[in-house]
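A quick write-up on the structure given underneath.
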Amino acid sequence: MIKKHQAELSAVFYKDSSSFALFDGNSGSNLLPYQSSPQRFEITEAEERRINVLRQWCVGFEFSSGSNDYLLSLKDISEHRYFDLVCKVFHVSYDDSKGLWMLFVWDGTDVPPLSIPGKLEDEEHNPLPLHIESSPLDLETLRNFFPVGTVLRVSTDRSYENFGRYFTATGKWVRIRNMSCQVSSGMWHGLLQSSSKIRLFSDNDNVVWDYMRERISGRHGHMPIWTDPSSQFLTEVDWVNVASVTLMKIATQLQGNVRCCCIVRVVSIHPFQAEHYSSPNGSSEYTMKLTLEDPTARIHALLCGKEWVKFFGGSPPPDVLTKKIKMLLGMPEHEDGNDDMVRNPPWIKCFLHLKESDGGRNRVYYIRWTKLVTD
1 MIKKHQAELS AVFYKDSSSF ALFDGNSGSN LLPYQSSPQR FEITEAEERR
51 INVLRQWCVG FEFSSGSNDY LLSLKDISEH RYFDLVCKVF HVSYDDSKGL
101 WMLFVWDGTD VPPLSIPGKL EDEEHNPLPL HIESSPLDLE TLRNFFPVGT
151 VLRVSTDRSY ENFGRYFTAT GKWVRIRNMS CQVSSGMWHG LLQSSSKIRL
201 FSDNDNVVWD YMRERISGRH GHMPIWTDPS SQFLTEVDWV NVASVTLMKI
251 ATQLQGNVRC CCIVRVVSIH PFQAEHYSSP NGSSEYTMKL TLEDPTARIH
301 ALLCGKEWVK FFGGSPPPDV LTKKIKMLLG MPEHEDGNDD MVRNPPWIKC
351 FLHLKESDGG RNRVYYIRWT KLVTD
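The end of the sequence shown is residue 375 by the UniProt record's numbering, with every number in the run present.
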């Protein structure tokens, strides 16, 4: 039955008497529904003819796919705002530690970069997490994600206890209605409430094609959409005409001892105190761990020895090194790393050198061939 609810027309499904089937609207497609009710649905010849008539009509008609003021892309999200999202569901899993189901969704855009709260001194005992989920996904699962665009983690609330048993849209495009987002450890985290709804989309929907075309053929490529190809960065690299790749690409699709150019933000450094880098034995012993992020992932990378010297332009005195570290982290000059603060790291360009061992099970990233430019 078709009813009006909150100024929108909806099809009401009655469990004891209703059945339905949804078909692709493109002319020439088969007559197999891409979603149907649990009850057996048998299409009649008259209904087949009606579907073909509707498909012919669709050829010259452009749908808005339900677009309205509530529909946002991931690049436009903000905290504590309810919105609709058209996205592809890459993966669904149960987080045992949190006791909640989690969806991993993508619409091709990049979430807005966030400021990072907290004390830098906390990094030693309570480092920034690399992901929202309690345990990292296995490499095979991650390789199913696109290497560009943010894969947002979306958690259900307690009302979705049996969500995983009935959800059948993994690998498909959906419209999530009435969801929200919050920020956790400087990362975006989506939330489903009991009032949220998920509607399956056809892969051939106009909105889906627009989203895919915008990112795949867009001018940004593997660069974050928040940067410009002509941007001036805080760093210089030894090879200028090398295309950048995302951290997700590096972490999931590249193997062996390879070097890659990427555009990232430094969200944390350990140790951050300049005094730590004044060893009487010289700079060859210096090892700095940086937490890097782009819209696709967070990773740890090491800056060691001669590459450390190259990056910081020699072995600067503590006050100069402190100033450079603060610039890298987006900290005000007057702030101290022991104070509660909010830092806004700038984008930098750097080269990462991936080294694998133990048959690829151990992967270590090194920052190399990069220099910080502060003048």
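Glycine is no exception: its CB is placed at the ideal position from the N, C-alpha and C atoms. If you're wondering where the values come from, they're calculated on a predicted model, not measured in any experiment.
Since residue i and residue j are thought to touch, with beta carbons under 8 Å apart, how far apart are those beta carbons, to the nearest angstrom?
i	j	result
C350	I367	5 Å
H131	R298	7 Å
V264	D228	The pair is not a contact, with the Cβ atoms about 16 Å apart (cut-off 8 Å).
P345	L329	6 Å
T246	H222	5 Å
Check residue i in the structure and name its three-state DSSP category.
i	result
W369	coil
W173	strand
L9	strand
V111	coil
Q56	helix
N206	helix
K15	coil
D69	coil
I2	strand
S194	strand
F63	Interpretation of F63 is limited by its pLDDT of 49, a score under 50 that renders its predicted location unreliable; the figure taken from the coordinates is listed afterwards. Coil, per DSSP.
A301	strand
S159	helix
G314	coil
Indicate whether residue i and residue j have their beta-carbon atoms separated by less than 7 Å.
i	j	result
E133	D96	no
H91	T141	yes
L200	V174	yes
E236	K371	yes
G164	W101	yes
F20	S37	yes
E356	S268	no
V183	L103	no
S29	V59	no
Y34	S202	yes
V242	C262	no
residue 379	L74	The chain is shown from 1 up to 375; residue 379 falls before or after that span and cannot be answered.
L303	A274	no
S155	N178	no
V266	L290	yes
Decide if residue i is buried, meaning its Cβ has at least 16 other Cβ atoms within 10 Å, or exposed.
i	result
P210	Reading off the sequence, residue 210 comes out as Asp, not Pro. That one is exposed.
T109	buried
D358	exposed
P224	buried
D84	buried
A301	buried
I2	exposed
S244	buried
F63	Any reading at F63 must be qualified, since the residue scores a pLDDT of 49, below 50, and its modelled position is unreliable; the value itself is stated next. Exposed is the call here.
Could you tell me if the beta carbon of residue i falls within a distance shorter than 6 Å of some heavy atom in the ligand HEM?
i	result
G305	In the structure on display, the ligand HEM does not appear, and there are no ligands present to speak of.
**Report entry** Contact the region 188-196 vs the region 10-17: 3+ CB pairs below 8 Å
**Finding:** no
Query raised in the report: Between the region 234-254 and the region 137-156, do at least 3 Cβ pairs fall closer than 8 Å?
Result: yes
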